[in-house]
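Before any comments, here is the structure.
Chains as they are written, first to last, in the working numbering: chain A, 437 to 809; chain B, -11 to 394.
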């Protein structure tokens, strides 16, 4: 389908596009946790891009980070050491988990990025936490203004909120195409669309998604049907897993990745007198990641997705050394099993070679469900 | 002239006299229907003590199980229940003891909590682990969300917003405690507890300072036992009494030049945790002429408390905890220890299931060498799971490192 091509190009061309952006004398700011209030970066006229790892080995990072550290964080840091992110004017990390807090020190001490910022992210959403995070958001805004000699006005923030909410709404519309009995879009295609939006200007992404939606209904060559699966996990920064699943008879119709459904599920309240407060509030109130105290809300999100998207099974896909998701895993597994869903639990070391051992298990799982069905 | 005497009178029989007793006391409290709470590392335990709640420390319990060689078996129980082997061994060990498959648990197991209190300050792992326990026991859990000490400053150099957020949650905490215990907070009792905790901190600091003496009068093995009071029950008369006795004994030893080894060839700083299942490693170091004269662990739990400003001073005591701070804080602590304790080598043990203790040791190593010319050894271990690194392997790494220092 032709309307998908620009998303793929944005993905494969992302570093070049970011460098292009810089040529207009506008900064590029890398972020890596979906609790980073992106709207504030956008309102500063910079290009926010999510920092990802790559799927090669992490030899450079291994010299500094131990093998029991988050393999996603290690992979991102490896990309930084290799120079993939030398164009960044700033890198923004979040205190959302132990791995992130400590990886921040790594970037400060060993990367070439000139400005590095750490946002203090509460692990709860009580009123006290909201007040604290509002202040943190204000500090972050002031830091951006100071560092990049710019001013982030309320009207710029309002504009950012409008663009980001629009982005979330469009992502959701496309996501829901997978709810149909015969999905109009595959999991791989969805992820290409979603991921590209994390590294390209949101306005442009919105235009591309609208165009895609116009053409989607009349698309020819529907994706190959497969067993409807939900993948539950932390972050996903590449399409390889979903491609693998969909190459052996599965179809990823739903997920609870922070770069997947958790990314667009909740909007910022529009038209608030204090747009910064509204932005900050959205992040603490969104469908929680496992580092937040409200774990039951995340479980509810997963189980409801499983029902609404009528999945046949769940793959729990854990990136190695992600403590908070590993602690949640046994209980979530039990909840899903209690719904009568088959569950496959996998731990993955973030790299292409990490997939090798998983393929047979995924294949066997899909065959097993297929046999019962 | 130096005399050698390894055994301290104060710490002789420490486990039996104090640790074991604390578990017996907690079990008795339970039968007497007094409130018992599970408390996580770096939680402001003084608040519970002031409300007559009996605190028990799952983290301490894991180290007890490891010392009794029971931890791996319990970890395996948790692994069978679906908890990844890469998770913190403390948490696996304690959760393993909760599922109820093992009958002969050390100290009869942990008493069932009436409620649990955890904070994100030491790590997110504690909070997640306590969530699991809270669900298993159907007991309420209070979580104190500690902002991360980004500046890495000490208690005098903290972000005001962090202190205020912490204080606001102490209000929530006391409301929770009043509900759980059915009694009102007695402000006088809180002041009294804080005063005792402050005194405990000062005594513990004096004790550590005495170890600057050459020869060092106390080894890491004793310190890792004796820190129990500082860590678990700081706001108590028992803590003050014990530390007074220990300080006096060390003063005398320093005066008489009594040390742990004959000729101190190596004075070491030991970071993070020991191998609880193999505390003999410190004796092995002694046999090579080495003494661990300072543990970073012994230098991160103290903090002065002002009974006149209970909330603010609790915030200022707990916020700058090393685990809750950027790496600069750990680096500064170690630089000071190396300088002030006449140290010529640093041991940086990582901890397999612990990100806070594992990531960043390269930075420590680099900076300590650059600033002071002192070498460090990063050694991959686990505090309680001996499957990660065996005794012979650890001893060999240590011995090789010491050779490079000569």
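Ideal Cβ positions, reconstructed from N, Cα and C, are used throughout, including at glycine.
In this structure, residue 756 of chain A lies away from residue 343 of chain B, with their beta-carbon atoms at least 8 Å apart. For residue 19 of chain B, not one C-beta of chain A is nearer than 8 Å to its own C-beta. Look at the segment -7 to 34 of chain B and you find these whole runs of beta strand (DSSP E), each 3 residues long or longer: 24 to 27.
For residue 486 of chain A, there is no enclosing alpha helix (DSSP H); the enclosing beta strand (DSSP E) covers residues 483 to 486. Between residue 559 of chain A and residue 310 of chain B, the C-beta gap is not smaller than 8 Å, which leaves the two residues out of contact.
At a beta-carbon threshold of 7 Å, none of the residues of chain A lie near residue 268 of chain B; the nearest stands roughly 25 Å away. Ranking B/375, B/-8 and B/189 by CA distance to the CA of residue 229 of chain B puts B/189 first.
Residues of the segment 141 to 164 of chain B with a C-beta atom less than 9 Å from some C-beta of chain A are 147, 149, 150, 152, 153, 156, 157, 159 and 160, listed in chain order. Taking 7 Å as the cut-off between beta carbons, the residues of the segment 86 to 112 of chain B near chain A are 108, 111 and 112, in sequence order.
Ranking B/256, B/312, B/101 and B/226 by CA distance to the CA of residue 207 of chain B puts B/256 first. In the structure shown, the three-state DSSP call for residue 236 of chain B is helix. Exposure of residue 706 of chain A is indicated by the presence of fewer than 16 other C-beta atoms within 10 angstroms of its C-beta. Look at the segment 523 to 542 of chain A: the residues with a C-beta under 8 Å from a C-beta of chain B are 531, 533, 534, 535, 537, 538, 539, 540, 541 and 542.
In the DSSP assignment, residue 364 of chain B is bridged to B/334. In this structure, residue 759 of chain A and residue 75 of chain B form a Cβ contact; the two beta carbons are roughly 6 Å apart against a cut-off of 8 Å.
Residue 704 of chain A and residue 717 of chain A have their C-alpha atoms roughly 8 Å apart.
Its chain contains 39 as the residues whose beta carbon lies nearer than 6 Å to that of residue 165 of chain B, once the 5 sequence neighbours on both sides are disregarded; these appear in chain order. Chain-order list of chain B residues neighbouring residue 769 of chain A: 70, by C-beta distance under 7 Å. Flagged as an interface residue toward chain B: residue 766 of chain A, by a C-beta distance shorter than 8 Å.
Assignment of residue 253 of chain B by DSSP, reduced to helix, strand and coil, places it in the coil class. Our two residues, residue 315 of chain B and residue 243 of chain B, have alpha carbons roughly 36 Å apart in a direct line. Legend: CB atoms of the segment 703 to 730 of chain A lying less than 8 Å from CB atoms of chain B belong to residues 726, 727 and 729. Assignment of beta strand (DSSP E) within the segment 293 to 350 of chain B, counting only whole runs of 3 or more residues, yields 333 to 337 in chain order.
Here residue 661 of chain A is not near residue 491 of chain A, since their CB atoms are 8 Å or more apart. Fewer than three pairs of CB atoms, one per stretch, sit closer than 8 Å, so the segment 278 to 298 of chain B makes no contact with the segment 366 to 383 of chain B. If only complete runs of 3 or more residues are kept, the segment 96 to 178 of chain B shows the beta strand (DSSP E) at 103 to 107 and 129 to 132, in order along the chain. The beta-carbon of residue 559 of chain A is placed less than 8 Å from the nearest beta-carbon of chain B. Look at the segment 336 to 361 of chain B: the residues with a C-beta under 7 Å from a C-beta of chain A are 338, 340, 343, 344, 346, 347, 348, 350 and 351. Per DSSP, the beta bridge partners of residue 43 of chain B are B/25. When C-alpha distances from residue 92 of chain B are compared across B/353, B/212, B/56 and B/-5, the shortest belongs to B/56. Residue 762 of chain A reaches chain B at 71, 72, 74 and 75, counting residues in chain order whose Cβ is nearer than 8 Å. In its chain, beyond the 5 residues on either side, no residue has a beta carbon closer than 6 Å to the beta carbon of residue 792 of chain A. Listed in chain order, the non-local C-beta contacts of residue 570 of chain A below 6 Å within the same chain comprise 713 and 716, local neighbours out to five positions each way being set aside.
The residue from B/27, B/26 and B/12 with its alpha-carbon nearest to that of residue 20 of chain B is B/12. In the three-state reduction of the DSSP assignment, residue 628 of chain A falls in the helix class. The beta carbon of residue 806 of chain A lies closer than 7 Å to those of 663 and 685 in the same chain, with the five residues before and after it left out.
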